[in-house]
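> Protein chains in written order, with our numbering: chain F, 228 to 684; chain G, 8 to 320.
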Amino acid sequence: MNYKFWLIAQREYLTRVRKKSFVVLTVLVPLLMAGVFAFVAKLAKSDDNKVDVIEVRDDTNLGLTSRLPTTEQLLFLPAAGSLAEAKQSFQKSKHDGLLYLPPNLDVQNPQGIQLFAKGNVSMRKQRAVENALNKTLSDLKMQQSGLTQEQLDRLRSKVLLTTVALDEQGQEKSSDTMATTAAAYALALLIYMFIFIYGVQIMRGVGEEKSNRIMEVMLSSVKPFDLMMGKIVGIAAVGLTQFLLWGVLSFGASSLVGSAVFGGNNAQPVATAATRSATSAETDNKQTAQANAANTRPETAMMSGRSAIFDALGDLPIGMIMGGFLIYFLGGYLLYGALFGAIGAAVDDQTDTQQFMFPVTIPLILSYIIGVSVILRNPDGPIAFWMSMIPFTSPIAMVIRLPFGVPLWQLGLSVALLIAGFIGTVWLAARIYRVGVLMYGKKVTYRELGKWMFYKG
Amino acid sequence: MTNILQAIDVRKAYAAHVALSGVSLEIPERSIFGLLGPNGAGKTSLIRIITQITAADSGEIRFRGEKLNPKHIAQIGYLPEERGLYKKMKVGEQLLYLAQLRGLSRADATQRIKAWLERLDLKPWANKFVEDLSKGMQQKVQFIATVLHEPSLIILDEPFSGFDPINANLIKDEIINLREQGATIIFSTHRMESVEEMCDNIALINRSRKVLDGPVGQIKNTFKTNTYEVEGKGRLMVVHPDFEVLEHKERENGFFYDRIRLHAGATPNDLLRYLINNVEVHAFREQIPSINEIFIRRVQETMPESLVEEVTQ
Chain F
228 MNYKFWLIAQ REYLTRVRKK SFVVLTVLVP LLMAGVFAFV AKLAKSDDNK VDVIEVRDDT
288 NLGLTSRLPT TEQLLFLPAA GSLAEAKQSF QKSKHDGLLY LPPNLDVQNP QGIQLFAKGN
348 VSMRKQRAVE NALNKTLSDL KMQQSGLTQE QLDRLRSKVL LTTVALDEQG QEKSSDTMAT
408 TAAAYALALL IYMFIFIYGV QIMRGVGEEK SNRIMEVMLS SVKPFDLMMG KIVGIAAVGL
468 TQFLLWGVLS FGASSLVGSA VFGGNNAQPV ATAATRSATS AETDNKQTAQ ANAANTRPET
528 AMMSGRSAIF DALGDLPIGM IMGGFLIYFL GGYLLYGALF GAIGAAVDDQ TDTQQFMFPV
588 TIPLILSYII GVSVILRNPD GPIAFWMSMI PFTSPIAMVI RLPFGVPLWQ LGLSVALLIA
648 GFIGTVWLAA RIYRVGVLMY GKKVTYRELG KWMFYKG
Chain G
8 MTNILQAIDV RKAYAAHVAL SGVSLEIPER SIFGLLGPNG AGKTSLIRII TQITAADSGE
68 IRFRGEKLNP KHIAQIGYLP EERGLYKKMK VGEQLLYLAQ LRGLSRADAT QRIKAWLERL
128 DLKPWANKFV EDLSKGMQQK VQFIATVLHE PSLIILDEPF SGFDPINANL IKDEIINLRE
188 QGATIIFSTH RMESVEEMCD NIALINRSRK VLDGPVGQIK NTFKTNTYEV EGKGRLMVVH
248 PDFEVLEHKE RENGFFYDRI RLHAGATPND LLRYLINNVE VHAFREQIPS INEIFIRRVQ
308 ETMPESLVEE VTQ
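1) Just mark I192 of chain G as buried or exposed, buried being the case when its beta carbon has 16 or more other beta carbons within 10 Å.
2) For a quick check, are the C-beta atoms of M201 of chain F and S641 of chain F less than 8 Å apart?
3) Can you name the residues of chain F whose CB is closer than 7 Å to the CB of P87 of chain G?
4) Do I7 of chain G and K50 of chain G have their CB atoms nearer than 8 Å?
5) Would you call the region 423-435 of chain F and the region 552-566 of chain F touching, i.e. three or more CB-CB distances under 8 Å?
6) Please classify W679 of chain F as buried or exposed, where buried requires at least 16 other C-beta atoms within 10 Å of its C-beta.
7) According to DSSP, is A133 of chain G helix, strand or coil?
8) Can you name, in chain order, every residue of its own chain whose Cβ lies under 6 Å from the Cβ of L163 of chain G, other than the five neighbours on each side?
9) Would you identify the three-state DSSP class for D128 of chain G, choosing helix, strand or coil?
10) Kindly indicate if chain F contains any beta-carbon less than 8 Å away from that of I151 of chain G.
11) What are the start and end residues of the beta strand (DSSP E) that includes P35 of chain G?
12) Per DSSP, which residues does K19 of chain G bridge with? Please list them.
13) Say whether chain F places a C-beta atom closer than 8 Å to the C-beta of L196 of chain G.
14) Identify each residue in the region 240-251 of chain F for which the Cβ-Cβ distance to at least one residue of chain G is less than 7 Å, and report them in chain order.
15) Pop quiz: E41 of chain G and T196 of chain G are said to be a contact at Cβ under 8 Å. What is the actual Cβ separation, rounded to whole angstroms?
16) Is E300 of chain G helix, strand or coil when you go by DSSP?
17) Span of the alpha helix (DSSP H) holding T609 of chain F?
18) Could you round the C-beta distance between F631 of chain F and A411 of chain F to whole angstroms and report it? I think they count as a contact, below 8 Å.
19) Below 6 Å CB to CB, which residues in the same chain sit around P606 of chain F once its five sequence neighbours on both sides are set aside?
20) Taking the beta carbon of Q371 of chain F as the centre, do at least 16 other beta carbons fall within 10 Å, making it buried, or is it exposed?
21) Assess contact between the region 290-299 of chain G and the region 231-244 of chain G, defined as three or more Cβ pairs (one per stretch) separated by less than 8 Å. Is contact present?
22) Counting pairs of Cβ atoms below 8 Å between the region 606-617 of chain F and the region 466-473 of chain F, do you hit three or more?
23) Between M96 of chain G and F70 of chain G, how many whole angstroms is the CB-CB distance? I'm expecting something under 8 Å.
24) Examine chain F for any beta-carbon lying closer than 8 Å to the beta-carbon of D16 of chain G, and answer yes or no.
25) Using a cut-off of 8 Å between C-beta atoms, extract the partners of V574 of chain F located in chain G.
26) Chain G beta carbons: is any one of them nearer than 8 Å to that of N605 of chain F?
27) Measure the CB-CB distance between I60 of chain G and L259 of chain F and report whether it falls below 8 Å.
28) Between the C-alpha atoms of Y419 of chain F and F583 of chain F, what's the straight-line distance to the nearest angstrom?
29) Any heavy atom of the ligand ATP closer than 7 Å to the Cβ of L295 of chain F?
30) Anything in chain G within Cβ reach of R238 of chain F, meaning under 9 Å, just list it in chain order.
31) Within a Cβ cutoff of 7 Å, which residues of the same chain sit near A26 of chain G, ignoring the five residues on either side of it in sequence?
32) Is it right to say V334 of chain F is buried, meaning 16 or more other beta carbons lie within 10 angstroms of its own, or is it exposed?
33) If distances are taken between C-alpha atoms only, which option among F:I659, F:L332, F:L295 comes closest to E357 of chain F?
34) Would you say K231 of chain F faces chain G, with C-beta separation under 8 Å as the test?
35) Figure out for me which residue from F:Y555, F:L360, F:Q237 has the closest Cα to the Cα of F421 of chain F.
36) Am I right that E282 of chain F and L328 of chain F are in contact with their C-beta atoms under 8 Å? What's the rounded C-beta distance?
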């Protein structure tokens, strides 16, 4: 690449980075992220701190109230009086629920148990109460069948499942599906957004040069290929800058908010947990659990929470993910960016871009949709394999697979195909571009584009 | 006189039509050269080949005797018919950018930009965005961008279209000035009147072919028809084997206007002598065809009747 190419890339970069909209967006998005995080953190905190106090109106003669286990989340208190009276006093109290156990409760087939609350009951609360009841009833049944408490304790074992993935060499890697899924999802979204937002910027930029009528002046100084690639590379740099700033600022802002909400040292690990919870609803539980732990035993829980997260992330093939992400990020952007540039060059009017945009964006959208639905669930299946080989879908499909681990030969083949793919689209785009940029007042059809391929210099 | 540019049998065809079918030209150093022709004749195609935006299918362009190549880009300045600027860039930055793309160093460019902006009264606008400038001012900026790198060949495609008369005159003076400093200028236009007063040489292109070229004076001589305009007082009744009256108009107070053609062998002095003997002569001058008339005549000769109207508009 020559001197003029760098001049062009530099201009594309500087004019965009200096725009007010860029600065505003760059500052605003992290603030928004911090705001969302603060909100989530606040909710999580108030949720976690709280122990739900459930009153129990026990009309059975089994003495269940005292048997119901008090946990970190639930505290059962006996309610006095009849159900009606209990309801009345519950309304006035600050308690969170009123559990009604009807008389003649059949232990084998417990029916008619009711939980009264002052509003909707969260799934989590309902499940916690159900668990408590199940445990109590099963204990009761076992005791009724003649087991002693000691026998009972011995019977019960506490299982904590650790999932372990075996790699090709048969080595064990403990895998945290949650972290892996979240990472895959985030990477795919990032690439998808990047290609879309900045691809359209390329298209607009080319269209602008065309409608400005500066194109011919430019082309008397530089080769069309340099002009096109300069723009593509310059805009890529804008995108990278923006993401970098977002990353740094988001982390900074979230940490600040985190320390404001949680205070002191706790901020960082919890911030990480909360950020992740934003990407995946499921992570919520995990984070809540950690925060809970933090509340009961601050020092040790903090340590274990921190190490659990870093363990989970540390178990991912980080080097492979980062390297792969960068390659697919740039490869995918170049591949699509060239096509977007060609569209901008081919049409006169921005409103005409639709007919050409559609077929270009379809593989992108499809790979995202199929990616987060099918591939995320079965990252080693045939669909995942083929989509991570085809250059048009591989940037998204492959980054989804990366955190789950991908055989090196597949990665190599996919990258080679991607490179071939973007060389192909850049070549194609350059041919459309050099004819299209000087073509005015003509409504372009696919047939026309086909002919342009064969024009001589 | 040496030629700065020479085109030899240049051909260019697009999918649907032929733009240039074997055009040869010679453009002398330090001249103003008019490239004339109706719209769609192939002027812009030829210019785009000279500026290396496109390449010819066959034939050759030589720049000072050397086959045209990318290093000549720095020696050519081009103001296209379709011209514009980056609207979101400041005037100074934009000129710097375009000059650097033409191979000028940053320091040189900055210095010259300053001088040119001052010269064309644009200095206060250097740090304004292009979109905030009036159209006339934008045109001045475009002109500066064309000549900033001090090219030895300046190509102006319809330079005056869209210019207001004041700016047009300003640019005209600058063009003549540049020629005096040693530059060669190619004018491409279909407006003949601007050509006549400025151009030293012209070439006429019609329907992808060159139909005429040479120095302006020489062309006019070739197209002279030995016709003289006469104004005077009295009753002119020409009965003479050497002269033929093409047109006769009676004016007020016994004045008349005549167009008289000399037959072969007769001189203007013969006609003048005859006139003096018969009437009172107030004006006597040779009728020299304008480039416009020559152009129309030439086009008519090389084109079917039905298309002439279209060409002459």
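In this text, a Cβ means the ideal position worked out from N, Cα and C, and glycines have one as well.
Note that the structure is predicted; figures quoted are calculated from it, not measured.
Let me lay it out:
1) buried
2) Summary: the structure shown does not reach residue 201 of chain F, with chain F confined to residues 228 through 684, and so no result is reported for it.
3) E443, V444
4) Outside the modelled stretch of chain G, which goes from 8 to 320, sits residue 7 of chain G, for which no answer is possible.
5) yes
6) buried
7) coil
8) L86, F194
9) coil
10) no
11) 25-35
12) G:L27
13) Rather than Leu, the amino acid found at residue 196 of chain G in this sequence is Thr. Chain F, which has no Cβ nearer than 8 Å to the Cβ of T196 of chain G, makes this no.
14) T242
15) This sequence places Gly at residue 41 of chain G; Glu is not what is there. Indeed, because the Cβ distance is near 7 Å, the residues count as touching under 8 Å.
16) helix
17) Checking the displayed sequence, the identity of residue 609 of chain F turns out to be Pro instead of Thr. Its alpha helix (DSSP H) spans residues 609-614.
18) 7 Å
19) R628, F631
20) exposed
21) yes
22) no
23) At roughly 31 Å, the Cβ-Cβ gap does not stay under 8 Å, so M96 of chain G and F70 of chain G are not in contact.
24) no
25) Those do not exist, as V574 of chain F stays about 16 Å from chain G at its closest Cβ, beyond 8 Å.
26) no
27) no
28) 19 Å
29) In the structure shown, the ligand ATP is absent, as is every other ligand, since no ligand is present at all.
30) Y93, M96, E100, Y104
31) K19, A20, G49, S52, S215
32) exposed
33) F:L295
34) yes
35) F:Y555
36) Incorrect: roughly 11 Å between the Cβ atoms, too far for contact.
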